[in-house]
Amino acid sequence: MANPAKLHPELMEVLERFRESIEASPKNLPDWSPTKGASPNEIVRSALFTARNRNRRRVYLKQAEIIVTGGGSILYLGEELRQDDELVWMRLLQLAKGKPLGEPIYFTPYSFLKAIGWRVNNWGYQHLKTCLLRMKATAVQITSNRLHQTVVTSLIDYIAMWDPEKQSPLAEWEVRVSKVMSLLFADGAFTLIDLEQRKALPEGIATKLHSYWSSHREPYPVKVETLQKLCASECELRFFRRELKKALNALVAVGFLENWGIESDLVAVIRKR
6 MANPAKLHPE LMEVLERFRE SIEASPKNLP DWSPTKGASP NEIVRSALFT ARNRNRRRVY
66 LKQAEIIVTG GGSILYLGEE LRQDDELVWM RLLQLAKGKP LGEPIYFTPY SFLKAIGWRV
126 NNWGYQHLKT CLLRMKATAV QITSNRLHQT VVTSLIDYIA MWDPEKQSPL AEWEVRVSKV
186 MSLLFADGAF TLIDLEQRKA LPEGIATKLH SYWSSHREPY PVKVETLQKL CASECELRFF
246 RRELKKALNA LVAVGFLENW GIESDLVAVI RKR
């Protein structure tokens, strides 16, 4: 690592501003209902968590530019993140609220799996472990117009799941979330997501759009092609359009949307009040 005394003055100034912004940011996540998940707007309005089919092999992304709707930009390093990762991520943030960020979060795998609605069996334990390890091995660079700065962080700072003395899994797992997340939750610029509705939705396009439109009280019309990019779907547009309609109907069925329509390839939705 470079000697701080030898850094360029402008770089020193940038680092000092970043340090000051961390110090000035809230030390705890804001509180929200236990029935809701939460995520920064910059994340839910991006393709960071894709909606690709679970049967498709995940790709490894190296400083890849992630689609963002609205202002700002995201660069991502790590294995592709999907809807299962987002659900685990939101549960971690739920457990972290009310505690200083960076402090340990403790939970039993059983309670975690029950909370997110996954099967409590070997598949569930392994799936949860894989999601946590995947999000630990990430670097996310978020440039926020709202914050007027760029932040770089891993989604998870630290994980402990194994007891080396007993050579067995720990009864309680330990996870720590980066302090940098406090910046992204500042000024109330985060989205609350109804987890009961989400559990009732088919994982994929429906859950992705549920998070995305949860960040808009009155969603504006969006091109089908834009939603395809937001989901990171690689199928032909005509096939995506067919799957999109199924997802929109599912969002109506769970009580999230009142109605929807597609005209001139613009998707208009009305959220249920």
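Take the sequence shown: its position 199, counting from 1, is numbered 204 in our numbering, and each next residue is one higher. We put the beta carbon where it would ideally sit given N, CA and C, even for glycine.
Neighbour-count burial assignment, residue i, 16 or more Cβ in a 10 Å radius
| i | result |
| --- | --- |
| THR40 | exposed |
| ASN150 | exposed |
| HIS153 | exposed |
| GLU268 | exposed |
| ASN46 | buried |
| LYS277 | exposed |
| TRP167 | exposed |
| LYS213 | buried |
| GLN131 | exposed |
| GLU85 | buried |
| ALA258 | exposed |
Close beta carbons around residue i, own chain, < 6 Å, minus the five adjacent residues each side
| i | result |
| --- | --- |
| ILE275 | GLU263, ASN264 |
| ALA273 | PRO226, GLY266 |
| LYS64 | Checking the sequence shown, residue 64 turns out to be Val, not Lys. Closer than 6 Å at the Cβ level, and outside the excluded window around VAL64, lie GLU85. |
Contact under 8 Å by Cβ, residue i with residue j
| i | j | result |
| --- | --- | --- |
| GLU227 | LEU197 | Checking the sequence, you will find Val at residue 227 rather than Glu. No. Outside cutoff. |
| SER187 | SER159 | no |
| LYS102 | LEU34 | yes |
| VAL157 | ALA144 | yes |
| PHE261 | GLN202 | yes |
| TRP178 | PHE112 | yes |
| LEU92 | TYR81 | no |
| ILE210 | GLN146 | no |
Other residues of its chain near residue i: CB distance less than 7 Å, five sequence neighbours each side excluded
| i | result |
| --- | --- |
| LEU200 | THR40, LYS41, GLY42 |
| ASP90 | PHE54, CYS136, ARG139, MET140 |
Any C-beta of chain C under 8 Å from that of residue i
| i | result |
| --- | --- |
| ALA165 | Among the chains in the structure shown there is no chain C, since it carries only a single protein chain. |
Residue of the options minimising C-alpha distance to residue i
| i | options | result |
| --- | --- | --- |
| SER219 | THR155, VAL49, TRP37 | VAL49 |
| GLN88 | ARG57, LEU100, PRO169 | ARG57 |
| GLU108 | TYR163, CYS236, THR74, GLU248 | TYR163 |
| ALA36 | LEU100, GLY83, ALA69 | First, the amino acid is wrong: residue 36 is Asp here, not Ala. Selected option, being the one with the closest Cα: LEU100. |
| LYS204 | GLU241, ALA120, THR231 | ALA120 |
Element boundaries [alpha helix (DSSP H), containing residue i]
| i | result |
| --- | --- |
| ASN46 | 46-49 |
Element boundaries [beta strand (DSSP E), containing residue i]
| i | result |
| --- | --- |
| ALA258 | Segment 242-258 is the alpha helix (DSSP H) holding ALA258; no beta strand (DSSP E) there. |
Nonlocal neighbours in the same chain, by C-beta distance under 8 Å from residue i, ignoring five residues either side
| i | result |
| --- | --- |
| ILE72 | SER51, ALA52, LYS234, LEU235, ALA237 |
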